[in-house]
Ligand code: ADP
Ligand code: ASP
Ligand code: MG
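Residue numbers (this note's numbering): 20 to 431.
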């Protein structure tokens, strides 16, 4: 039988009523003849609550126990979804990650899926089960311990199942009706996209658009999974939502596909480091060893053999970065006068594959920000994106001004 993967995010399973609504949607696909793998998130707010409990209990928590606690929200919704389907006379059963098993690396709290054996669930489908409900976000390490896939990880569970089982499509049901040119909660002018290329979605996700977890887009691109984002609250139709697909499947698109923002980026400056060959390696080596994900880097022009080095990293890694730098200073690898962290910043990015062939987008972006009186602190570019770091208080203004300037409310 043809198979679909349907993923329901936190708000879509946020109450028993909503679980019922989602289950009805699954029931419709089953009635059409599909076997369905349903991936569920925890009820909205639950994972945040669990993370809070862990931090309150233990400041420098053991990541294995973090995963044991934080993965539990999904266990509840998986069981409830299976029960709801059974009440509707749909043969359904729930699985936790370890039971499938979803085999992952042992990088607790940000594990990667390595393998999903299909035999066990396939045998159940063969016996007449129509829906396998799988708790998203969780897996099991080679050591046999529960792991989680990082925040938003149920999207990745869904795409990984779609790839492993050769699903016809992977539908991601959420609280917006598709992927927009920017977060519709920030800009009322945001426009829903009918299609978006994997590459663009990958950049938007990694630059802060949390509608899909970055890793899920990576997997979809690699395994050619037909991925759709749609609302669980609106009436369903075949063309609903946004299709994330190969570039070749999109006839025309704007040069800039979308604007993303992230509040989770901080700026760290090492003041007055010696400007000598090897200094960058001496700074960024220890940062990498400490697991700090450095994104943007700026080295100032040197004066009298000394310079300032600025980099950005996720806000929750600032402490780790500072510690790594202090250790490198103590061991004599580097020398600096001071280290200053600024967490009151935001990263704003414009993304579009059209930038490969059209120049002038960066210049236009800088001009727009300058017209709004917004100072740019750090810049990075790649072939299809430009990112800037600015004061957090200008974040929404910048997103809106860029959305206007690149006329994203209009389709080409
Ligand atoms: P779920 O709980 O269903 O996984 P998320 O909260 O993780 O939902 O993701 C959906 C949210 O992503 C939306 O409510 C929206 O605010 C946000 N978002 C950010 N950027 C975009 C974008 N470009 N298009 C659509 N939604 C976006
Ligand atoms: N419940 C997890 C989270 O909030 C995973 C998910 O919803 O995708 O991050
Ligand atoms: Mg999500």
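Beta carbons are placed, not taken as given, at the ideal position from N, Cα and C, and that holds for glycine.
beta-carbon residue i near the ligand MG non-hydrogen atom, thresh 6 Å
| i | result |
| --- | --- |
| residue 28 | yes |
| residue 171 | yes |
Contact test: residue i Cβ vs the ligand ADP heavy atom, cutoff 6 Å
| i | result |
| --- | --- |
| residue 199 | yes |
| residue 194 | yes |
| residue 202 | yes |
| residue 229 | yes |
Extent of the continuous beta strand (DSSP E) run through residue i
| i | result |
| --- | --- |
| residue 27 | 22-27 |
| residue 293 | 284-293 |
| residue 147 | First-last for residue 147: undefined, no H or E at that position. |
| residue 487 | The structure shown does not extend to residue 487, since the chain is modelled only from 20 to 431, so the question has no answer here. |
| residue 170 | Here residue 170 belongs to no beta strand (DSSP E), and DSSP marks it neither H nor E. |
| residue 401 | 397-401 |
| residue 372 | Counting along the chain, residue 372 falls outside any beta strand (DSSP E), and DSSP gives it neither H nor E. |
| residue 316 | 316-318 |
| residue 159 | 157-159 |
CB of residue i within 7 Å of CB of residue j, strictly
| i | j | result |
| --- | --- | --- |
| residue 432 | residue 173 | With the chain represented from 20 up to 431, any question about residue 432 goes unanswered, as that position is not in the structure. |
| residue 192 | residue 27 | yes |
| residue 81 | residue 167 | no |
| residue 229 | residue 155 | no |
| residue 317 | residue 329 | yes |
| residue 331 | residue 284 | yes |
| residue 83 | residue 164 | yes |
| residue 306 | residue 360 | no |
| residue 356 | residue 206 | no |
| residue 334 | residue 194 | no |
| residue 364 | residue 286 | yes |
| residue 144 | residue 182 | no |
| residue 148 | residue 204 | no |
| residue 369 | residue 384 | yes |
| residue 95 | residue 178 | no |
| residue 218 | residue 276 | no |
| residue 46 | residue 109 | yes |
| residue 373 | residue 274 | yes |
| residue 176 | residue 232 | no |
| residue 313 | residue 339 | no |
| residue 387 | residue 395 | no |
| residue 150 | residue 70 | no |
Which residues DSSP lists as bridging residue i, in chain order
| i | result |
| --- | --- |
| residue 7 | There is simply no residue 7 to check, as the chain begins at 20 and stops at 431 in what is shown. |
| residue 191 | 26 and 248 |
| residue 57 | 25 and 152 |
| residue 281 | 366 |
| residue 212 | Residue 212 pairs with nothing; no bridge assigned. |
| residue 112 | 151 |
| residue 404 | 370 and 401 |
| residue 199 | 211 |
| residue 123 | 132 |
| residue 410 | 364 |
N- and C-terminal bounds of the alpha helix (DSSP H) containing residue i
| i | result |
| --- | --- |
| residue 348 | 337-349 |
| residue 235 | 233-241 |
| residue 70 | 65-76 |
| residue 128 | Residue 128 -> no alpha helix (DSSP H), and no H or E assigned at all. |
| residue 262 | Segment 261-264 is the beta strand (DSSP E) holding residue 262; no alpha helix (DSSP H) there. |
| residue 83 | 82-89 |
| residue 38 | 35-50 |
| residue 135 | Per DSSP, residue 135 belongs to no alpha helix (DSSP H) and is neither H nor E. |
| residue 298 | 298-308 |
| residue 223 | 217-225 |
| residue 390 | 380-390 |
| residue 419 | 414-424 |
Cβ-heavy atom distance, residue i to the ligand ASP, below 6 Å
| i | result |
| --- | --- |
| residue 66 | yes |
| residue 180 | no |
| residue 60 | yes |
| residue 156 | yes |
Distance cut-off 6 Å: residue i Cβ against heavy atoms of the ligand SAM
| i | result |
| --- | --- |
| residue 197 | Among the ligands modelled here, namely the ligand ADP, the ligand ASP and the ligand MG, the ligand SAM does not occur. |
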